[in-house]
Amino acid sequence: MSSKLLRGTFILTLGTILSKVLGLFYVIPFYAIVKDYGTALYSFSYIPYTIFISIATAGVPLAVSKFIAKYNAMGEYAVGRKLFKSGIAVMLATGTISFLVMYFTAPVLAEMAISTGGEDVEVTAEDATTVIRAVSFALIVVPFMSLIRGFFQGHQSMGPSAVSQVVEQIVRIIFVLAGAYIVLHLLGGSIVTAVSVATFAAFIGAIGGLAILGWYWFKRKPYLDELLKEDKGTMDISLKEIYKEILLYAAPFVFVGIANPLFQFIDMMTFSKTMTTIGFSGNEANAAFSVLNFQTHKLVIIPVSLAMAFSLTLVPSITKAFVENDRKGMRRQLDQTFQVLMFLTVPAAVGLSLLAEPMFTVFYKHNSLGTEVLMTYAPVAILFALYSVTAAILQGINEQRFTILSLLTGLLVKLSLNIPLIKLFETQGAVLSTALGYAAAIIINMLVIKTFAKYPMGFVTRRIILILLFSGLMAGVTAAFYKVIVQFLSPAAKFQSIMIIVICAVIGSVVYFYLGFRSKLVDRLFGDRVTRLKQKLRLPV
1 MSSKLLRGTF
11 ILTLGTILSK
21 VLGLFYVIPF
31 YAIVKDYGTA
41 LYSFSYIPYT
51 IFISIATAGV
61 PLAVSKFIAK
71 YNAMGEYAVG
81 RKLFKSGIAV
91 MLATGTISFL
101 VMYFTAPVLA
111 EMAISTGGED
121 VEVTAEDATT
131 VIRAVSFALI
141 VVPFMSLIRG
151 FFQGHQSMGP
161 SAVSQVVEQI
171 VRIIFVLAGA
181 YIVLHLLGGS
191 IVTAVSVATF
201 AAFIGAIGGL
211 AILGWYWFKR
221 KPYLDELLKE
231 DKGTMDISLK
241 EIYKEILLYA
251 APFVFVGIAN
261 PLFQFIDMMT
271 FSKTMTTIGF
281 SGNEANAAFS
291 VLNFQTHKLV
301 IIPVSLAMAF
311 SLTLVPSITK
321 AFVENDRKGM
331 RRQLDQTFQV
341 LMFLTVPAAV
351 GLSLLAEPMF
361 TVFYKHNSLG
371 TEVLMTYAPV
381 AILFALYSVT
391 AAILQGINEQ
401 RFTILSLLTG
411 LLVKLSLNIP
421 LIKLFETQGA
431 VLSTALGYAA
441 AIIINMLVIK
451 TFAKYPMGFV
461 TRRIILILLF
471 SGLMAGVTAA
481 FYKVIVQFLS
491 PAAKFQSIMI
501 IVICAVIGSV
511 VYFYLGFRSK
521 LVDRLFGDRV
531 TRLKQKLRLP
541 V
């Protein structure tokens, strides 16, 4: 891989991670402003929005960048520019249509989601409709912005995408927090208005990201025009053929992108209503939904992001080995991908489950339900990461058609079991049905990988057992220290919870990485980078 492409990939990955980190930590002040009722309303709007935006844009940057990079390599620069010019109109049209559909179906979506469990229900269908409509405006801008990001990435220019992502997130967060605070505390407005302003921030953030891309476009247009002058002009590809190729590239990413929102959407449609049928009030049901699909979900995604950023960088190598029919090389890359993913995700998920009480207190407030749900939900992060990576591998071995089958199977399992399990286990029942749905999808993906890539799983299974053993030992030591620490520090207080988390995280990390270094597992997974680190620290290699 060229140093320019490697640097660009690093910049884009860094931008994505920074954007996700910002998207996590803003929930602390946001929750302090709008509380459970506000975050429940926020979830009712953002889940359908995420589905709409995933369908409209998921895979567009990658598909467009792959298409443009392919034809640029052939010297056919005009083909990529033709896609870009027509794509502007297409993405504006799809964005506008998505906006109109979401805006006008908002009452239906709200009515389907909101519990009707008595007079005490605070979140009404009218409130949810208002908030859903507020977030729908972002659909006009985001698809168009995704096309521009893909265009730059196709020219191996990752900076514009990374910077625009971060700026979009910063602008959105500032507008979310400032808007909600001003409406509630300075203007004396309602919580519905405050949350509507907070969700409308998605549109304002998109405008901020688009402004950055516009600046990069005018700055780099002379260079892009110079490339156009070097066009060979030997290909005249119709728009129909162009978009057929784009759809083939983008389709797998769409299904991966909408997987998690669709699982959440099933909860949105069934959770509150089922909870009221087993005796919970409407307020209690909606508060529990906020804990499930906003508060704990934000924390559960933490272990997934970093692990996926590392493991997905190995997928292009898998694709290359598959195309060249290098079975040995592909097996080695698959082993590496699964091991890196599990090595990073498992201890993080176990640690999050173990420290559920202080973690929930730091981000929100001390809440027994939040603690119980986070403790149950944290290990599901491993399944989220495994599903995304196995789906990406299916694309690498050109079997992306099975992504649809595995996703539909997982959703069917979730849909079939959600209501019965909620009736049996309340909020944790929804977590369990999500875990079973993802497990079913992962099993299908793994069977396809085993069959079509002829991948023997014995070696990686043994390594995963070793990782699970190390994580178990780490959890045992950390849990013992945790029991001692909580005798002196309270997990019900924010600052003391931070101290508990830091102390336990340091202890857990030391134990886990000590075991990893002693067993040479870290060296085998991360290779020369670990050797250089050991040399700098003057440790035995």
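Under our numbering, the first residue of the sequence shown carries the number 1, and numbering increases by one thereafter.
Yeah, the Cβ is synthetic: ideal placement off N, Cα and C, and Gly gets one too.
Here the structure is a predicted model, which is why all the values come from computation and not from measurement.
- Sequence-distant partners of F459 (beyond 5 residues in either direction) whose C-beta falls short of 8 Å from its own C-beta, in its chain, are D335.
- For secondary structure counted as the alpha helix (DSSP H) over 4 or more consecutive residues, the segment 10-64 holds these complete runs in sequence order: 27-57.
- Of the candidates K454, A211, Q264, the residue whose Cα lies closest to the Cα of A321 is K454.
- Taking the CA atoms as reference points, K66 sits about 8 Å from Y249.
- Below 8 Å, too few C-beta pairs join the segment 100-111 and the segment 178-193 to call them touching: fewer than three.
- Counting only unbroken stretches of 3 or more residues, no beta strand (DSSP E) element lies wholly within the segment 151-225.
- Within 10 angstroms of the beta-carbon of V522 lie 16 or more other beta-carbons, which makes it buried.
- The segment 63-78 makes contact with the segment 232-248, as at least three CB pairs between them are under 8 Å.
- Between the alpha carbons of Y216 and P160 lies a distance of about 6 Å.
- I33 has its alpha-carbon roughly 18 Å from the corresponding atom of N283.
- In this structure, DSSP gives T234 a state outside helix and strand, which the three-state scheme calls coil.
- When C-beta atoms of the segment 350-360 are compared with those of the segment 403-416, fewer than three pairs fall below 8 Å, so the two segments do not count as touching.
- Annotation: the continuous alpha helix (DSSP H) that includes F470 extends over 458-485.
- In this model, F280 and T130 are separated by some 25 Å (Cα to Cα).
- The beta carbon of T345 sits closer than 6 Å to the beta carbons of P303, A307, I382, A385 from its chain, once the five residues preceding and following it are set aside; these are given in chain order.
- Where M359 is concerned, the enclosing alpha helix (DSSP H) starts and stops at 356-363.
- Per the C-alpha coordinates, the member of Q395, T337, K20, V340 positioned closest to Q169 is K20.
- Its Cα nearest to that of P358, the residue A492 stands out among Q487, A492, I422.
- With a 10 Å radius around the Cβ and a threshold of 16 neighbouring Cβ atoms, A89 comes out exposed.
- L210 is positioned such that its CB atom lies no closer than 8 Å to that of V291.
- Segment contact: the segment 392-401 against the segment 443-454, three or more CB-CB distances shorter than 8 Å; contact assigned.
- Taking a C-beta distance under 8 Å as the contact criterion, V256 and A202 do not qualify as a contact pair.
- Contact check for L41 and A128: beta-carbon distance about 7 Å, within the 8 Å limit, so the pair qualifies.
- By the neighbour-count definition (other C-beta atoms within 10 Å, threshold 16), I422 is a buried residue.
- In the DSSP assignment, Q400 falls outside any alpha helix (DSSP H), carrying neither H nor E.
- Counting along the chain, the unbroken alpha helix (DSSP H) around D523 starts and ends at 521-526.
- Counting along the chain, no alpha helix (DSSP H) covers Y455, and no H or E run does either.
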